[in-house]
Amino acid sequence: MNKLTGILLVLAILLAVNTQAQNDSTSAVSKRSLLDKMYLQLQVGIIASESNDTKDYRPAAGFGIGYELHHLFQPGVYIGYEEYRLFESMPVAVQLQGNFNPTTNSAFYYAQLGKTAMWKNSRNELQSVSSGEYWEAGIGYQWKAENLKLKLSAGFRDQKFTSVSKNSDIWYWDALSSFAPTQGYKEVTHWHLERMHFKFTIEF
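According to mature numbering (1 follows the signal peptide of the UniProt record, and there is no 0), the stretch in the sequence shown is residues -21 to -1, 1 to 183, in order.
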């Protein structure tokens, strides 16, 4: 009876240890799976400037992070830096992307909706530049390597913001035959830019 009790006790301990090991293994696999579905992006590219010159493209860069709920539905967030002819900006947006084939090289889509923090650079004399909304959508092609993806894409950007010019003093000749300044004015410009954005992305 004592031997049987001892054997049953040993079997119970082994069963408990084995069950715990299986649970730990399943948990580890589950954690790896969750981490594998997260993605990080480093982007560099060129974007059309605000000038009327169709050949005037400026540098742009960005960073994205997100999660793959489905290969066609991968939400995330994006932050970047872009240069204009007269401005500089930092876009912040929510983004959505999807791959048309999850197992091999394939086409993909992306879309962004957000705002851009704008500021003037040293090449203009504007008084202020305000932030504005933007959206962007594009398509591209990705190549899958062992632990990363290489992506080339072309997108269309629709962006709005407002700039205000500096006050300008106007001088005039008064009745007493002397120059005197009068109050200047402010010129408000509402920008609506529609332009192309070409990007190279490394995704981990």
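No residue lacks a Cβ here, since even glycine has one placed at the ideal position from N, Cα and C.
Integer-rounded CB distance, given that residue j should sit under 8 Å from residue i
i     : j      : result
Phe87 : Gly111 : The pair is not a contact, with the Cβ atoms about 27 Å apart (cut-off 8 Å).
Lys34 : Val71  : Not really, about 29 Å apart at Cβ, beyond 8 Å.
Ser68 : Ala96  : 6 Å
First and last residue of the uninterrupted beta strand (DSSP E) at residue i
i      : result
His176 : 167 to 182
Glu61  : 53 to 62
Asp137 : 128 to 144
Thr83  : Taken as a continuous stretch (DSSP letters only), Thr83 belongs to no beta strand (DSSP E), as it is neither H nor E.
Leu21  : 17 to 27
Glu47  : Premise fails: Glu47 is in no beta strand (DSSP E) and is neither H nor E.
Lys123 : 111 to 123
Identity of the residue in the options nearest residue i by Cα
i      : options                     : result
Glu115 : Val108, Tyr57, His50        : Tyr57
Leu92  : Leu75, Ser85, Asn84         : Leu75
Phe183 : Ser142, Leu127, Thr83       : Leu127
Val73  : Glu62, Ile44, Leu14, His50  : Ile44
Pro38  : Ile26, Glu47, Leu48         : Ile26
Lys165 : Glu173, Ser144, Met175      : Ser144
Glu125 : Gly24, Ala40, Thr83, Tyr113 : Thr83
Sub-8 Å separation of residue i and residue j beta-carbons
i      : j      : result
Lys139 : Trp170 : yes
Phe42  : Gly77  : no
Ser28  : Tyr63  : yes
Glu47  : Tyr89  : no
Lys130 : Gly24  : no
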